[in-house]
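Participant:
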Amino acid sequence: MDIRVLPIIILLPLILGTTLVSWLKHVSRGATALGAIGVSLTSFILLLTQAKQVVQGSVISQSWQWLPQVGIDLSFRLDALGLIFALLITGIGTLIYIYAYFYLSPKNSLSKLYFLLMLFMAAMLGISLSNNLIILLVFWELTSISSFLLVGYWSNYEAAQRGSRMALTITGMGGLAMLGGFVLLGQVTQTYQIDQILTMTDTIQNSHLFVPILVLILLGAFTKSAQFPFHFWLPNAMAAPTPVSAYLHSATMVKAGIFLLARLLPIFVGSALFHNIVTSIGLFTLCMAAFFAIFKEDLKGLLAYSTISHLGLIVCLLGVGSPLAVAAAIFHIINHATFKAALFMIAGIIDHESGTRDLRKLSGLWQLLPFTGTLTMITAASMAGVPLTNGFLSKEMFFTELLANLSGAYVVLAAIVATLAGLFAVAYSTRLVHGVFFDGDLGKDVPNKDAHEPPIGMRFPAILLAILCIAVGLLPALLVENIVNAGTRASTQMADFAGVHLAIWHGLNLPLLMSVIALIGGVIFYFALAKGSRIREIDLDPKLGRLQGYLIFENFLKYLLRFAQKLKRSTETGSLQTYLFWIVAFSIVIVATPIFNQGLSTGTRELTHAPFVAIVLWLVLFSGCWMMLWFHHERIKAVLISGAVGLVVTMVFVSMSAPDLALTQITVDVVTTVLLLMSLSLLPQLTPYESSRTRRWRDAILAIGGGLGVGWIAWLLLTRDHNSISWFFAQQSIPLGGGSNIVNVILVDFRGFDTFGEITVLGIAAIGALCLMDGMRAHGTTMTQGLTFRFNPSPLMFRMTASWVLPLALVVSLYIFLRGHNLPGGGFIAGLITSMALVIQYIGLGQDKAEQLLRAKSGRLYEIWIGTGLVIAGLTGLAAWLWGRPFLTSAHIYVETSIFGKFHLASAAAFDLGVYICVVGATMLLISVLGDSRHSSMSGPVPKE
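The opening position of the sequence shown corresponds to residue 1 in UniProt numbering, with each subsequent residue numbered one higher.
(1) Which same chain residues end up closer than 6 Å to T782 when comparing Cβ atoms and leaving out the 5 residues on each side of it in sequence?
(2) For Q53, count the other beta carbons within 10 Å of its own beta carbon; 16 or more makes it buried, fewer makes it exposed. Which is it?
(3) In whole angstroms, what is the alpha-carbon distance linking I15 and K112?
(4) Taking the C-alpha atoms as reference points, what is the distance between L661 and N744?
(5) Less than 8 Å between the CB atoms is what I'm expecting for L403 and A421, so what's the real figure, rounded?
(6) Going straight from the alpha carbon of A293 to that of F344, what length do you get?
(7) Within the continuous beta strand (DSSP E) that includes S144, where are the two ends?
(8) Relative to the alpha-carbon of S63, which residue among L119, S382, L6 has its alpha-carbon at the smallest distance?
(9) Looking at F71: is its Cβ nearer than 8 Å to the Cβ of T191?
(10) Would you please state the rounded distance, in angstroms, between the beta carbons of T923 and V671? I believe it to be under 8 Å.
(11) What residue range is occupied by the uninterrupted beta strand (DSSP E) comprising D73?
(12) Tell me the rounded alpha-carbon separation between E863 and G768.
(13) Is the CB of G163 under 8 Å away from at least one CB in chain C?
(14) Spell out a yes or no on whether the segment 452-468 and the segment 229-240 are touching, meaning 3 or more CB-CB pairs, one atom from each, closer than 8 Å.
(15) Could you spell out where the beta strand (DSSP E) holding I60 opens and where it closes?
(16) Suppose contacts are defined by Cβ-Cβ distances below 8 Å. Is T760 in contact with L870 by that definition?
(17) Please state whether the Cβ-Cβ distance between T379 and F424 is less than 8 Å.
(18) Going straight from the alpha carbon of L806 to that of Y815, what length do you get?
(19) Report yes if the C-beta distance between G181 and L216 is below 8 Å; otherwise report no.
(20) Take L926 and list the residues in its own chain whose beta-carbon comes closer than 7 Å to its own, dropping the five residues that flank it on each side.
(21) Which residues in the same chain as I734 place their Cβ atom closer than 7 Å to its Cβ, once the five residues preceding and following it in sequence are excluded?
(22) Using a Cβ-Cβ cutoff of less than 7 Å, which residues in the same chain neighbour T19 once the five nearest sequence positions on both sides are dropped?
(23) Entirely within the segment 538-625 and at least 4 residues each: give me those alpha helix (DSSP H) ranges in chain order.
(24) Could you name the residues of the same chain whose beta carbon sits closer than 6 Å to that of N822, not counting the 5 residues immediately before and after it, in chain order?
(25) Are S515 and F399 close, meaning C-beta to C-beta below 8 Å?
(26) For L474 and F295, I'd like the C-alpha separation in whole angstroms.
(27) Would I314 pass as a contact of F230 if the rule is Cβ separation under 8 Å?
(28) Keeping to the same chain, check which residues put their C-beta closer than 6 Å to that of L24; ignore five residues upstream and five downstream.
(29) Taking the straight line between their C-alpha atoms, what separation do you get for T389 and P106?
(30) Any contact of the segment 85-105 with the segment 218-232, i.e. 3+ C-beta pairs under 8 Å?
(31) Please go through the same chain and pick out, in chain order, the residues whose beta-carbon is closer than 8 Å to the beta-carbon of L810, but skip the five residues on each side of it.
(32) Per the contact definition of three or more C-beta pairs closer than 8 Å, is the segment 280-289 in contact with the segment 255-262?
(33) Does DSSP put S724 in a helix, in a strand, or in coil?
(34) Excluding the five sequence neighbours on either side, which residues of its own chain have a C-beta within less than 8 Å of the C-beta of H501, listed in chain order?
(35) Which parts of the segment 465-541 are runs of the alpha helix (DSSP H), unbroken and 4 residues or longer, counting only runs that do not cross its ends?
(36) How many angstroms separate the CA atom of G408 from the CA atom of L324?
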């Protein structure tokens with residue numbers, strides 16, 4: 001089998017699944033469901049093809065280099081632990097897709113639900129199969145985002161929106177903490193590869209960073225798996241559709257934290273801090289959540305708290321850390337997924353048929369739903385740990401491992417807490433069955449008294465899972481023993497682990513006594529509470545008051561929001577001068593702090609005398625800056641002076657033999673001056689003056705300090721010798737880039753990815769200006785009344801000159817473009833020259849006439865140019881992959897022709913063409929937006945030409 005099966009398993013739901021359900025929604029609901037089921041089932045089957053060799057101890061891995069310099073590779077690994085989780089994700093996911101088709105009303109978007117579930121499935125598979133911590137974290141955050149969208153599926157349901165925000169906030173904060181733990185772990189081990197990290201237990205535990213690593217990673221695991229004190233988000237996420245609850249909160253999302261603990265267990269086992277924290281938190285969560293589940297009136301609320309309790313049981317076992325405890329944890333992971341997914345589906349059936357999930361309204365449903373009642377009894381018995389079910393076996397193993405691995409007073413306390421938790425589990429399981437199906441006659445408050453069994457397709461997933469609960473309970477050694485042992489070896493990294501024998505009977509012992517006490521005591525406790533319907537009158541929330549988790553969370557957010565609002569009011573004053581003051585002041589502090597004690601004296605480099613030209617240019621530049629300071633309140637003058645300063649900088653580049661920089665500077669200077677003048681035509685002529693003399697002195701001191709500081713840093717650098725890397729580009733420009741213009745080769749080859757990012761940002765800025773100005777109508781100011789740029793043509797002589805300029809400019813820009821790889825020029829400069837020529841046409845003919853001739857009505861053509869340029873540049877980069885080269889690696893060849901002789905071709909020219917088109921499109925879109933009649937500063941009727 002091709003080893004690439006691992007990324008294929010993830011990509012099937014991520015790419016094929018999401019695309020397929022989006023397309024099939026236009027066919028039918030049935031086709032959409034079949035597509036989703038087919039994709040999920042395919043991933044499941046692909047995993048089964050690898051199961052035999054993985055259970056026998058083999059590890060399948062595949063890796064691609066991505067960012068090897070920082071240790072991030074696209075690395076995947078399938079061992080028995082990952083196989084167990086991946087099979088649960090895809091297997092139960094397939095059943096959920098079947099169930100959702102029958103559960104969801106035709107009025108609701110089935111394709112939207114499937115799309116988000118596919119996204120979530122891919123993210124969970126990515127977590128299970130990742131062999132790199134950073135890649136795992138990417139998938140981890142994808143689960144948070146996709147679950148946020150799934151919980152908030154009912155967009156008009158306020159509780160769903162609140163629950164989704166809470167889940168995203170809590171799990172997102174945990175993910176951020178976990179990122180810190182992963183980074184520290186990478187610093188200690190010098191790798192992010194999980195299989196390598198698992199072999200460095202001593203190095204990690206002996207590091208002074210071990211405690212923060214442990215705490216940060218546990219925060220990520222505990223928040224994801226709803227452990228105390230982060231448990232409250234899970235019950236509030238029950239506003240999601242029942243298929244979402246059945247999938248996310250039984251077999252997948254809440255198991256992500258469990259998986260992380262199981263995966264990284266070898267590096268933590270042996271640490272007393274790890275064992276104490278994890279065991280204690282797990283025990284407390286187990287008992288606390290089980291107690292609260294008894295009194296929940298919502299079916300899904302009861303199941304949510306029972307989920308938290310069972311997650312606490314698994315966490316406690318992982319905290320114990322012995323091989324047999326880990327085996328019990330893995331066994332219970334499988335068992336919990338089967339009975340809890342079935343119970344959530346059953347809750348959905350009850351709600352779907354009776355019209356309510358409120359236990360205060362439900363009773364006597366056995367008369368209407370006997371088959372559903374039978375399924376409920378089987379799966380609830382498994383949840384309660386009744387003998388002959390799979391839940392009983394893993395609960396017995398839990399009791400056994402607690403007694404075998406704890407000592408002293410702690411083992412007595414743990415035994416009592418575990419027994420109480422088991423008793424509470426029996427109580428809430430009994431309530432689920434008795435309260436819904438057998439507590440008296442059919443409830444008078446049941447909305448639908450004509451409820452009937454749902455279609456077999458809706459019951460089938462729950463039937464299959466219920467059968468598994470009994471089958472595994474009766475034949476554990478045959479069905480799951482091998483995979484549980486293999487998963488234990490993979491989690492503990494103990495290849496010599498002899499394995500655990502799963503059997504129904506282990507003799508008369510203390511764990512059996514604890515189970516008997518829990519079973520009998522739980523039934524007695526429930527019926528004592530249920531007598532006279534007292535259980536329905538008990539509400540724990542008022543007794544807890546402000547100690548409720550979600551209230552603490554909401555109050556925290558409320559106070560955080562108030563603080564943010566106060567901070568905003570004190571800082572966002574609307575004064576650009578104030579903002580600039582804080583930016584400059586902060587920059588000075590940030591820069592000055594690290595270099596304060598680094599030696600600020602002049603370096604030892606030999607100084608040269610400034611030539612006469614440099615002195616002249618410096619004086620002109622100084623004069624221009626002084627004029628800018630003097631006239632800075634007059635906007636138009638300030639822009640013109642800044643343009644003059646730009647021209648002086650251009651002359652500096654010329655004098656220093658930097659023609660590429662000079663060409664770029666002068667073209668950018670002209671275009672930006674035009675854009676600024678057009679923008680300022682929409683604003684008042686003068687900027688506000690400083691409010692006081694004190695502010696003027698404050699700003700003057702700050703400006704002088706900042707300017708002198710930057711100047712002094714420049715001086716310190718220029719007077720010190722340094723090792724330049726320019727020799728590399730000078731030597732490799734022709735052999736690697738195929739061009740003698742080093743600047744252009746750097747831009748389109750060595751640092752082509754940077755250039756691609758820059759033109760992308762340029763395009764985004766132009767489209768952002770279009771969106772920002774859309775529908776805006778700025779009223780003319782005193783200075784701009786009678787502006788005729790858009791509608792009235794210029795004088796005839798100017799128009800005739802403009803008509804001659806355009807073809808000449810296009811020829812020049814073509815010349816500049818073609819010579820750019822070997823002589824000063826290139827796509828960026830050529831694009832600006834073309835833009836300047838087109839701007840002249842706008843001024844000469846008027847914008848309406850110019851855009852009519854260019855067929856660029858409302859800037860639509862320029863948006864197409866931006867997209868076309870980006871696509872050309874991107875495809876040029878992707879083409880390198882066809883030859884197994886990194887993205888945007890250029891190639892060059894020499895072609896012999898009969899006319900031109902030996903002709904040099906470089907793939908970088910295609911990339912430069914994309915730059916050229918994108919620059920022209922972005923520049924002209926900005927010009928078009930600022931001159932559009934919707935945004936024009938003209939007032940009154942539109943004049944005729």
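Backbone N, C-alpha and C fix where the C-beta goes; we use that ideal spot for every residue, glycine too.
Facilitator: In short:
(1) For the purposes of this step, residue 782 is taken as the residue at position 782 of the sequence shown. Interpretation of T782 is limited by its pLDDT of 42, a score under 50 that renders its predicted location unreliable; the figure taken from the coordinates is listed afterwards. Contacts found: none.
(2) In the sequence shown, residue 53 corresponds to position 53, counting from 1. Exposed.
(3) Translated into positions along the sequence shown, residue 15 becomes position 15. Translated into positions along the sequence shown, residue 112 becomes position 112. About 15 Å.
(4) Taking the sequence shown and counting its residues from 1, the one referred to as residue 661 is at position 661. Taking the sequence shown and counting its residues from 1, the one referred to as residue 744 is at position 744. Answer to the nearest angstrom: the Cα atoms are 10 Å apart.
(5) For the purposes of this step, residue 403 is identified with residue 403 of the sequence shown, where counting begins at 1. For the purposes of this step, residue 421 is identified with residue 421 of the sequence shown, where counting begins at 1. For a cut-off of 8 Å, the C-beta gap from L403 to A421 is around 15 Å, too long to register as a contact.
(6) Reading the sequence shown from its first residue, position 293 is the one you call residue 293. Reading the sequence shown from its first residue, position 344 is the one you call residue 344. A direct Cα-to-Cα measurement between A293 and F344 gives close to 14 Å.
(7) The residue given as residue 144 occupies position 144 in the sequence shown. It is not in any beta strand (DSSP E) - S144 instead sits in the alpha helix (DSSP H) that spans 133-151.
(8) Here residue 63 refers to the residue found at position 63 when the sequence shown is read from its first residue. It is L6.
(9) What you label residue 71 is simply residue 71 of the sequence shown in a count that begins at 1. What you label residue 191 is simply residue 191 of the sequence shown in a count that begins at 1. In the sequence on display, residue 71 carries Gly and not Phe. Yes, the Cβ-Cβ distance between G71 and T191 is below 8 Å.
(10) On the sequence shown, residue 923 is found 923 positions in, with the first residue counted as 1. On the sequence shown, residue 671 is found 671 positions in, with the first residue counted as 1. About 6 Å separates the beta carbons of T923 and V671, which is inside the 8 Å limit, making them a contact pair.
(11) As a first step, residue 73 must be located in the sequence shown, where it is residue number 73. From DSSP, the beta strand (DSSP E) with D73 extends over 72-78.
(12) As a first step, residue 863 is located in the sequence shown; it is residue number 863 there, counting from the start. As a first step, residue 768 is located in the sequence shown; it is residue number 768 there, counting from the start. When rounded, the distance between both Cα atoms is 11 Å.
(13) This model lacks chain C altogether; it includes just one protein chain.
(14) no
(15) Along the sequence shown, read from residue 1 onward, the residue named residue 60 stands at position 60. From DSSP, the beta strand (DSSP E) with I60 extends over 60-67.
(16) Along the sequence shown, read from residue 1 onward, the residue named residue 760 stands at position 760. Along the sequence shown, read from residue 1 onward, the residue named residue 870 stands at position 870. It is a contact, given that the beta carbons lie within the stated cut-off.
(17) Translated into positions along the sequence shown, residue 379 becomes position 379. Translated into positions along the sequence shown, residue 424 becomes position 424. The answer is no: Cβ separation not under 8 Å.
(18) Sequence index remark: in the sequence shown, residue 806 carries index 806 (1-based). Sequence index remark: in the sequence shown, residue 815 carries index 815 (1-based). Between L806 and Y815, the C-alpha separation is close to 14 Å.
(19) On the sequence shown, residue 181 is found 181 positions in, with the first residue counted as 1. On the sequence shown, residue 216 is found 216 positions in, with the first residue counted as 1. Contact: yes.
(20) Within the sequence shown, residue 926 is the residue found at index 926, counting from 1. Once the five neighbours on either side are set aside, the close Cβ partners of L926 are L675, A766, A769.
(21) As a first step, residue 734 is located in the sequence shown; it is residue number 734 there, counting from the start. Exclusion of the five residues before and after I734 leaves S740 as the residues of its chain whose Cβ lies within less than 7 Å of its Cβ.
(22) In the sequence shown, counting from the first residue as 1, residue 19 sits at position 19. Closer than 7 Å at the Cβ level, and outside the excluded window around T19, lies no residue.
(23) 540-544, 549-571, 576-595
(24) In the sequence shown, the residue the question calls residue 822 occupies position 822. Counting only Cβ-Cβ distances below 6 Å, and skipping sequence neighbours, we find G739, S740, N741.
(25) As a working mapping, residue 515 is identified with position 515 in the sequence shown. As a working mapping, residue 399 is identified with position 399 in the sequence shown. Yes, Cβ-Cβ distance for S515 and F399 is below 8 Å.
(26) Numbered from its first residue, the sequence shown carries residue 474 at position 474. Numbered from its first residue, the sequence shown carries residue 295 at position 295. Approximately 32 Å between the Cα atoms of the pair.
(27) Taking the first residue of the sequence shown as position 1, residue 314 is located at position 314. Taking the first residue of the sequence shown as position 1, residue 230 is located at position 230. Their beta carbons are not under 8 Å apart, which means I314 does not touch F230 by this criterion.
(28) In the sequence shown, counting from the first residue as 1, residue 24 sits at position 24. Closer than 6 Å at Cβ, skipping near neighbours: A31, T32, G35.
(29) Mapped onto the sequence shown, residue 389 falls at position 389. Mapped onto the sequence shown, residue 106 falls at position 106. Computed Cα separation, rounded: 37 Å.
(30) no
(31) Position 810 of the sequence shown, counted from the start, is the residue given in the question as residue 810. When the five nearest sequence neighbours on each side are left out, the beta carbons in the same chain lying within less than 8 Å of the beta carbon of L810 are those of T834, A837, in order along the chain.
(32) no
(33) Counting from 1 along the sequence shown, the entry for residue 724 is found at position 724. Reduced to three states, the DSSP call for S724 is coil.
(34) On the sequence shown, residue 501 is found 501 positions in, with the first residue counted as 1. So the qualifying residues of the chain are A477, E481.
(35) 476-479, 481-492, 510-530
(36) What you label residue 408 is simply residue 408 of the sequence shown in a count that begins at 1. What you label residue 324 is simply residue 324 of the sequence shown in a count that begins at 1. Answer to the nearest angstrom: the Cα atoms are 20 Å apart.
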